[in-house]
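Each remark here refers to the structure printed beneath this line.
There are 2 protein chains.
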Amino acid sequence: MPSARPVAVEQTIAYHLRLAQEASFAAIRRRFGDPDLKPGHYTILSIIARNPGLTQGELSRASARDTSTLTSTLSELSRKGYVQRQRSDVDRRSYRIELTSAGKTHLARLEDLAVVHDALLDQIVGPENKSDLISMLKRIQDALSVETTLQAAQQAAVETA
Amino acid sequence: MPSARPVAVEQTIAYHLRLAQEASFAAIRRRFGDPDLKPGHYTILSIIARNPGLTQGELSRASARDTSTLTSTLSELSRKGYVQRQRSDVDRRSYRIELTSAGKTHLARLEDLAVVHDALLDQIVGPENKSDLISMLKRIQDALSVETTLQAAQQAAVETA
DNA sequence: CATGATTAGTTTGATATCAAACTATAAATT
DNA sequence: AATTTATAGTTTGATATCAAACTAATCATG
Numbered sequence: 007m008p009s010a011r012p013v014a015v016e017q018t019i020a021y022h023l024r025l026a027q028e029a030s031f032a033a034i035r036r037r038f039g040d041p042d043l044k045p046g047h048y049t050i051l052s053i054i055a056r057n058p059g060l061t062q063g064e065l066s067r068a069s070a071r072d073t074s075t076l077t078s079t080l081s082e083l084s085r086k087g088y089v090q091r092q093r094s095d096v097d098r099r100s101y102r103i104e105l106t107s108a109g110k111t112h113l114a115r116l117e118d119l120a121v122v123h124d125a126l127l128d129q130i131v132g133p134e135n136k137s138d139l140i141s142m143l144k145r146i147q148d149a150l151s152v153e154t155t156l157q158a159a160q161q162a163a164v165e166t167a
Numbered sequence: 007m008p009s010a011r012p013v014a015v016e017q018t019i020a021y022h023l024r025l026a027q028e029a030s031f032a033a034i035r036r037r038f039g040d041p042d043l044k045p046g047h048y049t050i051l052s053i054i055a056r057n058p059g060l061t062q063g064e065l066s067r068a069s070a071r072d073t074s075t076l077t078s079t080l081s082e083l084s085r086k087g088y089v090q091r092q093r094s095d096v097d098r099r100s101y102r103i104e105l106t107s108a109g110k111t112h113l114a115r116l117e118d119l120a121v122v123h124d125a126l127l128d129q130i131v132g133p134e135n136k137s138d139l140i141s142m143l144k145r146i147q148d149a150l151s152v153e154t155t156l157q158a159a160q161q162a163a164v165e166t167a
């Protein structure tokens, strides 16, 4: 099998992806400062704002966060009065999630900070490179998620053999 | 202050950076499979292999992992016989860390798997794009770490005022 | 040399995350 | 209609990580 000589980790995409992401995340955490202003909440609140009434499963897929993570996060946001969850009439296992007006105000605060961070990243990378970068990052996501699907199918085939 | 209208999260570098990194990490975890084969150990063991006798502080900086994280990780690796730590003669607060021969064997197993993952990422991104991508990721790291340094300096200035 | 400041690594506590197992509900099958 | 299978969200437990506080050792200063 692969006896190719590994390149130094510093020459791999995986390593730099990790470091860049951690740097970005650390920077946004610093910028958000206040413990009530959580970066993780920004993505979630912003997705809810643009898709009022979505279910937790839909939110899970859109935010790439597991439903088990969202349970506690949404409980917290609900407790703080930023979101409300109502059982769906169509499917009594589901919630329909909406932002409250306090939630909209809170999101606006997060947005003010996120905009600065996003603009900084855009500037660092250069406007002429941004869409190339995003396109490569998307390719990584898409290809690795296809890989997941193929592996699951192979696993299922093995288990029925 | 910034009242610019925020773009959707799906159009930001930060979001895609997170998703791509999480996809890469999930893929490598799946590929490593065995609980003894931890992706995090690969980076650490590989840095030690190439820098025998380095200190934990040097390892912390090279791997971008906090020393508090390394304490438990190195204890585990030491318990398994993969590394050994010896107090430095030069500075009795420091360890000099080396791979054992069992550690080298273990690293070789990790390398076999990492090589496949790295090759897959290279292929997904395309050989013609790899160095551009790494260069952009490095730019993000460097710029955000300068930002940290500047913020710390400003904070120190504020505190002495 | 004594004292205060800094540093290497450790301990402790908090946080966010996911997988597995679970309960209630819905869909598919018999 | 009854039974089996699948699914939405929840609970539980494990994991990796960092920041703050800490101890012992080292460095800088007077």
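Chains A and B, in that order, are what the protein sequence lines are.
Its first residue numbered 7, the first sequence is counted upward by one per residue in my numbering.
Its first residue numbered 7, the second sequence is counted upward by one per residue in my numbering.
Note that beta-carbon positions come from the ideal geometry of N, C-alpha and C, so glycine has one too.
- In the three-state DSSP reduction, Tyr101 (chain B) falls in the strand class (E or B).
- For the pair Leu150 (chain A) and Ala29 (chain B), the Cα-to-Cα distance works out to about 6 Å.
- The secondary-structure analysis by DSSP pairs Val89 (chain A) across a beta bridge with A:Leu105.
- Contact note: Thr49 (chain A) reaches chain B through Val15, Tyr21, using a C-beta cutoff of 8 Å and chain order.
- Legend: CB atoms of the segment 116-137 of chain B lying less than 7 Å from CB atoms of chain A belong to residues Glu117, Asp118, Ala120, Val121, Val122, His123, Asp124, Leu127, Asp128, Ile130, Val131, Asn135, Lys136.
- One alpha carbon belongs to Leu119 (chain B), the other to Arg37 (chain B), and they sit about 7 Å apart.
- From the listed residues A:Arg98, A:Ile103, A:Ala32, the smallest Cα separation to Ala20 (chain B) is found for A:Ala32.
- DSSP places Thr49 (chain B) in the uninterrupted alpha helix (DSSP H) bounded by 45-56.
- Sequence-distant Cβ neighbours of Ile50 (chain A) in its own chain, meaning closer than 6 Å and more than five residues away, are Ser69.
- Using a 10 angstroms sphere on the CB of Val152 (chain A), the tally of other CB atoms stays under 16, which defines it as exposed.
- With respect to the C-alpha of His47 (chain A), the residue from A:Gly132, A:Arg99, A:Ser74, A:Glu82 having the closest C-alpha is A:Glu82.
- With contacts defined by Cβ atoms closer than 7 Å, Ile130 (chain A) and Ile146 (chain B) form a contacting pair.
- In this structure, the alpha-carbon of Arg99 (chain A) lies about 26 Å from that of Lys110 (chain A).
- Scanning its chain for C-beta atoms nearer than 7 Å, with the 5 sequence neighbours on each side dropped, one finds around Tyr101 (chain B) the residues Thr61, Gln62, Arg91, Gln92, Arg93, Ser94, in chain order.
- Looking at the DSSP output, Leu60 (chain A) bridges to A:Ile103.
- The shortest C-alpha to C-alpha distance from Ser52 (chain A) to any of A:Glu104, A:Pro12, A:Thr18 is the one to A:Glu104.
- Collapsing the DSSP output to three states places Thr111 (chain B) in a helix.
- Of the residues assessed, Asp124 (chain B) falls on the buried side of the cut-off, its CB having 16 or more other CB atoms within 10 angstroms.
- Nearest C-alpha to Asp148 (chain B) among A:Ser137, A:Gly59, A:Leu126: A:Leu126.
- Cβ-Cβ distances below 7 Å link Ser137 (chain B) to nothing in the same chain once the five nearest sequence neighbours on each side are left out.
- For Ala20 (chain B), the uninterrupted alpha helix (DSSP H) run begins and ends at 19-38, by DSSP.
- Contact note: Thr18 (chain A) reaches chain B through Ala120, His123, Asp124, Leu127, Asp128, Ile140, using a C-beta cutoff of 9 Å and chain order.
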